[in-house]
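Take a look at the structure below.
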Amino acid sequence: MMPGPWQVRRVSKETPDTFTLVLEPLNGGRGGFRPGQFSMLWVFGVGELPISISGDPAEEKSLTYTVRSVGPATQALISRSVGQELGVRGPFGAGWPVDQARGRDVLVVAGGIGLAPLRPVIYHVLDHRKDYGRLVIAYGARSPRDLLYRKELAQWARQKDVQVLTTVDYGGVSWRGRVGVVTSLFRFMRLQPARTTAMVCGPEIMMRLVARELTTRGLAAGDLYLSMERNMKCGVGFCGHCQWGPHFICKDGPVFPYSRIAPLLDRYEL
Amino acid sequence: MEIQSLEKVIAEHEFFSDLESYYTALLVSCASNVRFEAGKYLWREGEEANAFYLIREGRIAVEINPPQRKPIIVDTVGEGDVLGWSWLLPPYVWKFSARAVDGTRAVALDGKCLRNKCEQNHDLGYEMLKRFSQIMNRRLDATRIQLLDLYATR
C-alpha cells in the first residue's frame, strides 16, 4: 500500500490541457500492467490521484500516463518536470478483456480523455496482430484541438485491417474531418456484431448511449465492456470510496461487462 | 439515359433504399446530378430553401455564423447521408449554411417540384415525411448530446 518512488523521464503535451508523462522506477521497481489498469499517483505535498495507464503493456521499464488538468492535483501532476519524483502505487483493477477478445474483431470506442485507458488495448492488438480480427477505433472529442494522439491515430489508420474514425462535437472552418457525436460514426464501421468485442471509455453518459446504440446494432451485452470511474482512494477495495452499487470500482473494475452493470447505469443519481 | 441512372442512384441510396419503385420513378423528374468543389457553399443561412441532397461522395459541413466570431461547423454529412430539410417546411429558408469540405457528388432533389408531387400524391408525401422525421429525430438527439458538452472539464 506504500507508494514506490518513480521519476519523470519524459513529458509531452497532447492538447492545451492534457499531457503524457513517462515514469521510470527508482529503487529497482518494475513496470508491467494489463491494459485498462490504473495506478495511484502521488504528488508529494499535494495529493494522490487514480490515473489510467496509457502506454504500451509490452514496455516493462516504464509506465505512461496521460493526464488532463481539471484541478489543483492534476495541474500539479502535469507540471512535473523531467527528473522530478512521484509516488506510484499499483497497478490496480481489472483490465480490458484482451484475452477473451482473441480471434475476434475489436471495437474501441473512446470519448475525450477516454482514449488514454484504451491506448494499451490498441498497442496490444497491434503487437499481437495475428491473434485478432479487424481493429476499429471510433473516437470523439470536443473539438479538433482536443483530439489526443493525433499522429498515432494517423499511423494506426494506415495499418492493414485497422479502421480509425474520428469526430468532434464542433469544429472551426479549417477542420476537414467529421463533426457529430461519436455514435454517428457507427454507420461507417461494417460491424460484424457476432464476432466483435467492444471496449468503451469516456464520460459515463456517452458510454450509456454508445452501449444502447451498439446493442441495438446486434452486439451482445456480454461482448461490450465499459470502464467506469468514481472517487478511488485506496485502490484495493478497502476504503469504500468508489463503491458503486454492489461493486468496488477500483477492485472489481474499472472495466465491467455491460451485461453486469446495465441496470446501475440507468439508476438516477448513483 | 441519365434518368435511368438517376433512378438507380436514388433507389440505391440509403435514404430511399426501401422505397417502392413507383415512388422512385416520381422522384426522378425532380432530381439532377450535382457536383460541388471543395470550399463551395451550397447555400448560406437565410437563403430560400428549395432542394435537398442525397450525398454520394464527399463531405459537407453545416455551419453556423455567430456574430463577431468565426463560423463554427456543427455537423458534417457524407456518403449515404441526406442534407437539408428546410425545403419541406415553411418558410422554406435555410437555418444554417452548407459548404463542401471535399469535392462532393450528390443527387439534388428540387424542393418545389417535390412539394407539388407530395400535394398531388399524399402517399408519396407520407413516405417523405416518415424518412425526414427519422433524420430530424436523429439530429435532434445528436444536438441534445452535443449540448451536454460531454467532454468539457467539470
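Each protein sequence line maps, in turn, to chains G and L. FYI, this note's numbering numbers position 80 of the first sequence as 80, with every residue one higher than the one before it. FYI, this note's numbering numbers position 128 of the second sequence as 398, with every residue one higher than the one before it. Even glycine gets a Cβ: it sits at the ideal position worked out from N, Cα and C. All of these numbers come straight from a predicted model, not from anything done at the bench.
| Item | Value |
| --- | --- |
| Cβ-Cβ distance between residue 316 of chain L and residue 364 of chain L below 8 Å | yes |
| Own chain, CB closer than 6 Å to residue 241 of chain G, minus 5 neighbours either side, in chain order | 231, 233 |
| Buried versus exposed call for residue 37 of chain G [16 or more other C-beta atoms within 10 Å across all chains shown] | buried |
| Whole-angstrom C-beta distance between residue 208 of chain G and residue 186 of chain G, which should lie under 8 Å | With a Cβ gap of about 15 Å, residue 186 of chain G and residue 208 of chain G do not count as contacting. |
| Local conformation of residue 413 of chain L per DSSP, three classes | helix |
| Residue 43 of chain G vs residue 21 of chain G beta-carbon contact at 8 Å | no |
| Reduced DSSP secondary structure (H/G/I, E/B, other) of residue 120 of chain G | helix |
| Beta-carbon proximity list for residue 412 of chain L, same chain, < 8 Å, skipping 5 on both sides | 345 |
| Exposed unless 16 or more other CB atoms sit within 10 angstroms - verdict on residue 246 of chain G | exposed |
| Cβ-Cβ separation, residue 82 of chain G to residue 9 of chain G (assumed contact under 8 Å), whole Å | 6 Å |
| Those runs of the beta strand (DSSP E) which lie wholly inside the segment 84 to 133 of chain G and span at least 3 residues | 85 to 92, 105 to 111 |
| DSSP state of residue 336 of chain L mapped onto helix, strand, coil | coil |
| CB contact flag (residue 171 of chain G, residue 325 of chain L, <8 Å) | no |
| Every unbroken alpha helix (DSSP H) within the segment 57 to 82 of chain G, with a cutoff of 4 residues, ordered by chain | 72 to 78 |
| Residue 428 of chain L, buried or exposed, once every other Cβ within 10 Å from all chains shown has been counted against 16 | With chain L represented from 271 up to 424, any question about residue 428 of chain L goes unanswered, as that position is not in the structure. |
| Opposing strand residues paired with residue 303 of chain L [DSSP bridges] | L/377 |
| Exposure label - residue 71 of chain G; buried when at least 16 CB within 10 Å | exposed |
| Residue 295 of chain L to residue 197 of chain G span [Cα, whole Å] | 42 Å |
| CB contact flag (residue 282 of chain L, residue 298 of chain L, <8 Å) | no |
| Per-residue burial, residue 45 of chain G [other beta carbons within 10 Å of its own, 16 or more giving buried] | exposed |
| C-beta contact flag for residue 179 of chain G and residue 331 of chain L at 8 Å | yes |
| Where residue 37 of chain G sits in the DSSP three-state scheme | coil |
| Reference residue 350 of chain L; option with closest CA among L/275, L/422, L/421, L/280 | L/280 |
| Test item: CB-CB of residue 120 of chain G and residue 35 of chain G under 8 Å | yes |
| The ligand NAP heavy atom lying under 7 Å from the CB of residue 278 of chain L | This structure lacks the ligand NAP, and indeed carries no ligand of any kind. |
| CB contact below 8 Å: residue 275 of chain G versus chain L | Any question about residue 275 of chain G goes unanswered here, given that chain G covers just 1 to 270. |
| DSSP state of residue 221 of chain G mapped onto helix, strand, coil | helix |
| Residue(s) in a DSSP beta bridge with residue 240 of chain L | In the structure displayed, chain L extends from 271 to 424; residue 240 of chain L sits before or after that span and is not available. |
| Beta-carbon proximity check, residue 165 of chain G vs residue 138 of chain G, cutoff 8 Å | yes |
| Bridge partner(s) assigned by DSSP for residue 13 of chain G | G/19 |
| Proximity winner among G/222, G/174, G/238, G/267, relative to residue 96 of chain G (alpha-carbon distances) | G/222 |
| Residues of its chain near residue 74 of chain G, where Cβ-Cβ distance is below 8 Å and the 5 sequence neighbours each way are ignored | 49, 67, 68 |
| Neighbour list for residue 422 of chain L in chain G, Cβ cutoff strictly below 8 Å | 142 |
| Residue range of the beta strand (DSSP E) that includes residue 154 of chain G | First-last for residue 154 of chain G: 150 to 157, but that is the alpha helix (DSSP H), not the beta strand (DSSP E). |
| Contact list for the segment 204 to 230 of chain G against chain L, Cβ threshold 7 Å | 205, 206, 209 |
| Integer-rounded CB distance, given that residue 374 of chain L should sit under 8 Å from residue 314 of chain L | Between residue 374 of chain L and residue 314 of chain L the Cβ distance is about 17 Å, and since that is not below 8 Å, they are no contact. |
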